[in-house]
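Engineer: Got a structure here, written out as structure tokens. Questions coming.
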Amino acid sequence: MKAIFLKEVGENWVKALLAALVLAGVLGGMLYSGIGFPESIVSTTMMLACTLGFSAAGLGLGAMQILQDTQRGRWGFIVHRPIGRWPLFVAKVVAGLGLYLLTIAPAMAALILIARQMRIVKVPFAWEMVQPMIFAATTGVLAYAVGLMIGARRASWLGSRIFPVAVGFIAALFAGVATIHLYEAMALLLGTAALLIPAAGAYFVHNGEYEPQRLWSKPLQFLIVGAGAGCALTLSVGLVLGIIDGAMPSQPQFSYQYHVLGPDGEPVVASFTSGQHVEYFDISGRKLDVDPRRFHTLSGSGQVLHDWSGPDAPYFMRRFFHAFVVPQRYLTLLNGDRQGGNWFYVAARRRIEGIGIPGEYLGAIGPDGFAPPGATPSAFSAPLLPQQGGRRTEFMPLATTDGAYIVDFDRREIERVFTTGPDDQLISASPFVETDPAEKSGPDVETERRLVDTVLATKSRVIVIRNGGAIMETPLLHTGENWMLIVGRIAGGDFHLLYTNQQTNGQTSEAEYARLDPHGRVVSRRTLPGLAVTFPQQPEYRNLPILFVPPPVAIAAMVSRNVAGATPSRAWWLVVVAVIAATLGAILLLCRRYGFTRRHTVIWMIVAAAAGVTALWTFWVLHSRPHRVTCPGCGTLRPVDRTMCPRCGAPFAQPAAPAMEVFDSTSVSA
Amino acid sequence: MDFEPKITTGSTSPIFRQIVDQVRLAVAHGRLTEGNQLPSVRALAERLLINANTVAKAYAELNAAGVIDTQAGRGVFIAKPRQPYSAAERRRRLEPRLDALLTEALHLGFTLDQIAELLRERARRLADSNSSGKSS
Amino acid sequence: MTDAFAIQTFELTKYYASTCALEQVSMAVPQGKVTALLGRNGSGKSTLISLLLGLIEPTRGSARVLGEDSGRLSPRTRGRIGFVGEGHPLPGFMRVRDLRGFQASFQPRWDDSLFATLIEHFGLLERSKASSLSRGQKAGLAMALAMAPRPELLIMDDPALGLDPVARRTLLEAMILNTRDAGNTIFFSSHELTDVERVADQIAILDRSVLRVCCSLEMLRARVRRFEVHVALPREVDLASIPGLLQARRLPERIEITALKHPGTLNRLSTLSGGAEVEELPASLEDIAVGYLTESKNRVSLLAATAAEVTQ
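Spelled out as structure tokens, the structure:
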């Protein structure tokens, strides 16, 4: 094993070193010169570049290591020695992982060195900032496993050789967007690699062939190759739909109605139609001629009245808020980072700490205030909420589940303005923008916006804060998954509260409007007429994907009439059932043609029933087609890889002998 | 004794036959005499670059014909000339070849005297070539 | 019982997609003998050897090598088998001494002095890189690497391919050296009939994926004869009806026939030639090999065909 290890290192270290220099040069150069705008080593650009670069290195190395030794001739030299093929493969992988580390280490070192020079990257370096690079390096390990698989699997159809990329891509994507902690991402990436490496090994020890493999590796191969087939199928169907879409003269227009607060604070109906401006109507349906920019005088968008970031929320939704909402709202990022909890937080650190003039470091913020440059501020006592954005020099609302703060960047101060208990946690906080209607004339309405207040929502109350104190408090009327709240106020007058519950196709969006005087007393309150949501009927060809999804999904979609395109007509049932039947029939036919045993056939029928056309394609990609010849016994075609004819049990005839064979009596008797 | 048969590959005569013939010829013409040692099977095989089994086979045939004598542990020696066959047997073995020769020769129009003369001349020449080969 | 054979195959068959590379080959290679595998390019020799070493999977049938199924050779058994691949594939970046260390680390019976002797014999330097060696040197290195573990069975895929006469001679010496231990078996494929004639006890002939011959060289020579008919026969005369015909070659004044020795052969020939003189001669190994491997059994010599045109 040691000899194989040394051979692998000896054969590839020069290539690894060259790759290392290229990686270090390109990535370091990017960071040093700012090409591609990587603001720091934790920027998304840098993380993406590292992930791509490391993955390319890993994939190339893995594929190369296998292909070097499976070439005709070399295979015999390597494999024919007193060592099992598994130990040989393991030694290769161990050497490969070492070489991979050798490849990426200089790049990582270069990036860290550059990041530590404050003159180049104007963010103080902290070791937590290496976390995105560790993510990228781990993705590269997965890519290495994918490379092994690509190298080891001999494919009859050339394009299918790269199918294992799909598994790697899906896992990396999930790890990148759908995990909260770095260890979760690493577990996902390494776990997938741990599936791919034995699968690649099973291919390697069987010289790239699927049929002779043991029972344990075959389902793995099916999953890996099947994922590739599924992705390829999805892309193909999408491409076909795109081509049809392009060829169609006109697409039906999508239109959607929702409630907003109008310029005078009263609710109006906005109607969005694809490709056109938004139009506004009053509640009775009369068209209004207003400048939509006037609406910005009220609090811009609605507050989500459901706590998706809390521990009660489903994992993926929580992740969604952390990945897509939280990093874009810089003030929310301070906490998790300092507690070392959320690795993705670090990715946005540049934006946390570099608020203000680009490149000017303001410091990290904790509940006790700004920390000096490079120092660690104290951590918030409770998780931060997803926040609504604001401008850099304005007072910012910053909220945790147990309280709210106002941050003054100019004076570098933080002030706690609201505290609540665990029974009534905060679920939302946003800035409140107000403009005097008298100033709203003229073309440049945008400049007149002014942030004055903070609107907070707990599980039971709505509170408006000004200058460190609550100026209005009213019970929260609606809370739940789709409920949103828009709060408006014009020139210190009444408060306008609009609760909306926006729905999807086939349902009705509800809304309730309440007008409160400046002290929070209800002036008027009414339930608005619901808005029926009906998406336009799509052309039926848009249902094409239903034929390629797994049959259980297709049937469920048909039964629930919940499909992406048009509600399928009855004829679709026929087509869907026909495609499922054809798939099963094709699998049955293939199994018989390939001479499978009954048990083997039954397993494949079940797989086909569960996975549909993807299973069919995977079957085709996995197996090499056995040649068939005419059986000397029954005259039908039989696969050449069976000793006995599956139909009549006859053996194969001896090759036609022109009666001039010479054999020793010994060899004949043997 | 550095007797070494010369072998020709690609001929119609098998290599073991070539060795047997050359040893017999050398004995017949006195180039090898009783007590002369021949190389061992392996040594001859390695010298001629041929399979040892081939040499072993040739030696086995020579042994059976009484041309050589293999003494375990000592080596291979030219045996004391002896006739393993009775006079009648010897005649019986030679006669078919004589018949073939005569048939062919008479068919080609040679007289018996001419044939006898040719045989004598041929034997002389063989002896000459062997002695010249020996001296070189 | 199986001990008598180093290699046995049972209806061994290999298809590459729809191409049959080896069809129902059942053969036995006796232990302690040198067996040469003859065949034209593409006749399945390399496929057979790859199958014997378990480098590829058979389509059907099986093979036993040193008593073990060739598809599942244990590392121990592999240690007893030496292998020289076609074209002597070696990792080009390795130096001779690296390869020695590499190979020796796996082989329990590695004989370093034998390796050193062989290396010197082939004129190789310890520090030479495998990629910088000439064909002959490469062959020597591959041979040395395969022989130094003292294999009981040495399998070589066309080791003489592309070698000059000197290198071939050296290779031959190495092969004979390997037979010093009487129990050692060699199985090799070759196109060099003179080498084969020198070292082989047994001959196997593969003709377009079918095994035609597997017997001792001696038996083959006894069975296959050459017949010369001193008459120019018209083309219409069907020579294919000659029992055991391997090849018939029509020259302007005579016909050369290579055929199995068969009681009816001479009669049939004199009948066909209208009582003309028929000579029976022993066949050289080349005659036999060409006879087996010629595709057209009844062909007019190219020389005869063109000579006829010239005279016209």
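Protein chains in written order, with the numbering used here: chain A, 276 to 945; chain B, 1342 to 1477; chain C, 124 to 435. A virtual CB, placed ideally from N, CA and C, is assigned to each residue, including glycine. Computed from a prediction, not measured in an experiment: that's the story for all the values here.
#1: Check whether the Cβ of C:Ala412 lies closer than 8 Å to any Cβ atom in chain A.
#2: Run through the stretch 510-563 of chain A for me and flag every whole beta strand (DSSP E) of 3 or more residues, listed as ranges in chain order.
#3: How many whole angstroms separate the CB atoms of A:Glu286 and C:Phe216, which I take to be in contact at a CB cut-off of 8 Å?
#4: Against C:Val100, what residues of chain B qualify as contacts under a CB-to-CB distance less than 8 Å, listed in chain order?
#5: The beta strand (DSSP E) that contains C:Glu402, what's its start and end?
#6: Does DSSP classify A:Trp758 as helix, strand or coil?
#7: Please state if the CB of C:Arg273 and the CB of C:Arg232 are separated by a distance shorter than 8 Å.
#8: Enumerate, from N- to C-terminal direction, the unbroken beta strand (DSSP E) stretches of 3 or more residues contained entirely within the stretch 350-399 of chain C.
#9: Sort out for me which residues DSSP pairs C:Asp192 with in a bridge.
#10: Verify the CB distance criterion: does B:Ser1381 have a CB-CB separation below 8 Å to chain C?
#11: Can you list, in chain order, the residues of the stretch 276-287 of chain A whose Cβ is nearer than 8 Å to any Cβ on chain C?
#12: Can you tell me where the alpha helix (DSSP H) holding A:Lys290 begins and where it ends?
#13: Between B:Ala1386 and chain C, is there a C-beta pair that is closer than 8 Å?
#14: Quick check: the stretch 885-901 of chain A against the stretch 809-824 of chain A, are at least 3 beta-carbon pairs closer than 8 Å?
#15: In terms of DSSP beta bridges, what is A:Phe693 paired with?
#16: Looking at A:Ala418 and A:Val302, is the spacing between their C-beta atoms short of 8 Å?
#17: Using 10 angstroms around the beta-carbon of B:Arg1347, count the other beta-carbons present and answer buried if the total reaches 16, otherwise exposed.
#18: According to DSSP, simplified to helix, strand and coil, what is A:Ala732?
#19: Which partner residues of C:Ile328 appear in the DSSP bridge assignment?
#20: Name the two residues that bound the continuous alpha helix (DSSP H) containing B:Asp1410.
#21: Near B:Leu1442, which residues of its chain fall below 8 Å by C-beta distance, leaving aside the five closest residues on each side in sequence?
#22: Unbroken alpha helix (DSSP H) runs of length 4 or more, entirely within the stretch 844-923 of chain A: which are they?
#23: At a cut of 8 Å, does the stretch 133-144 of chain C reach the stretch 303-315 of chain C through at least three beta carbon pairs?
#24: Quick check on the DSSP output: what are the complete beta strand (DSSP E) runs of length 3 or more inside the stretch 254-315 of chain C, in order along the chain?
#25: Just checking C:Arg220 against the ligand GTP - is the residue's beta carbon closer than 7 Å to any of the ligand's heavy atoms?
#26: When the Cβ atoms of the stretch 179-198 of chain C are set against those of the stretch 898-918 of chain A, are three or more pairs found closer than 8 Å?
#27: Where do the N-terminal and C-terminal ends of the beta strand (DSSP E) with A:His771 fall, by residue?
#28: Under 8 Å, Cβ to Cβ, is there at least one residue of chain B near C:Leu174?
#29: Going by other Cβ atoms of all chains shown within 10 Å of its Cβ, with 16 needed for buried, is C:Ala269 buried or exposed?
#30: Does the beta carbon of B:Thr1353 sit closer than 8 Å to a beta carbon anywhere in chain C?
#31: Give me the DSSP bridge partner(s) of C:Ala139.
#32: What residues are listed by DSSP as bridge partners for B:Gly1416?
#33: Could you check the C-alpha separation between A:Leu464 and A:Arg356 for me, to the nearest Å?
#34: Please list, in chain order, the chain B residues whose beta carbon lies closer than 8 Å to that of C:Ala323.
#35: Thinking C-alpha only, which one of A:Gly304, A:Trp879, A:Phe693 and A:Arg868 is nearest A:Thr905?
#36: In the DSSP assignment, what are the bridge partners of C:Gly167?
Structural biologist: The short version:
#1: It does not; no Cβ of chain A falls within 8 Å.
#2: Qualifying beta strand (DSSP E) stretches, in chain order: 530-536, 542-548 and 554-556.
#3: Contact holds; Cβ gap of about 5 Å.
#4: In this structure chain C extends from 124 to 435, so residue 100 of chain C is not present and cannot be described.
#5: Residues Val401 to Pro405.
#6: Looking at A:Trp758 - three-state DSSP - the assignment turns out to be strand.
#7: In terms of Cβ geometry, C:Arg232 and C:Arg273 form a close pair [threshold 8 Å].
#8: Runs found: 368-373 and 378-383.
#9: C:Arg187, per the DSSP bridge assignment.
#10: Judged by the 8 Å Cβ criterion, B:Ser1381 is not in contact with chain C.
#11: Within the stretch 276-287 of chain A, the residues whose Cβ lies closer than 8 Å to some Cβ of chain C are Lys277, Ala278, Leu281, Lys282, Gly285 and Glu286, listed in chain order.
#12: Residue range Lys277 to Ser308 is occupied by the alpha helix (DSSP H) that includes A:Lys290.
#13: Taking a beta-carbon distance threshold of 8 Å, B:Ala1386 counts as an interface residue toward chain C.
#14: Short answer: they touch.
#15: In the DSSP assignment, A:Phe693 forms a beta bridge with A:Ala679.
#16: The sequence shown places Leu at residue 302 of chain A, rather than the Val named in the question. Result no, Cβ atoms of A:Leu302 and A:Ala418 do not sit closer than 8 Å.
#17: Here residue 1347 of chain B is Lys; the residue named in the question, Arg, does not match the sequence. Exposed is the label assigned to B:Lys1347, since fewer than 16 other Cβ atoms lie within 10 Å of its Cβ.
#18: Residue state, collapsed to three classes: strand.
#19: According to DSSP, C:Ile328 bridges with C:Leu161 and C:Val336.
#20: First-last for B:Asp1410: Ile1409 to Gln1412, but that is the beta strand (DSSP E), not the alpha helix (DSSP H).
#21: Correct list, in chain order: Ile1456.
#22: Those alpha helix (DSSP H) runs which fall completely within the stretch 844-923 of chain A and span 4+ residues are 845-868, 873-886 and 888-897.
#23: Verdict: no, contact absent.
#24: DSSP assignment within the stretch 254-315 of chain C yields the following whole beta strand (DSSP E) runs of 3 residues or more, N-terminal first: 276-279 and 308-312.
#25: As for the ligand GTP, it is missing from this structure, which has no ligand bound.
#26: Yes: at least three Cβ pairs fall under 8 Å.
#27: For A:His771, the uninterrupted beta strand (DSSP E) run begins and ends at Phe770 to Asn776, by DSSP.
#28: So, not an interface residue.
#29: C:Ala269 comes out buried.
#30: At a cut-off of 8 Å between beta carbons, B:Thr1353 contacts chain C.
#31: Residue identity differs from the one stated: residue 139 of chain C is Tyr in this sequence, not Ala. Beta-bridge partners assigned by DSSP to C:Tyr139: C:Thr142.
#32: In the DSSP output, where bridge partners are listed per residue, B:Gly1416 has B:Gln1412.
#33: About 34 Å.
#34: Asn1392, listed in chain order.
#35: Cα-wise, what sits closest to A:Thr905 is A:Arg868.
#36: Per DSSP, C:Gly167 has no beta bridge partner at all.
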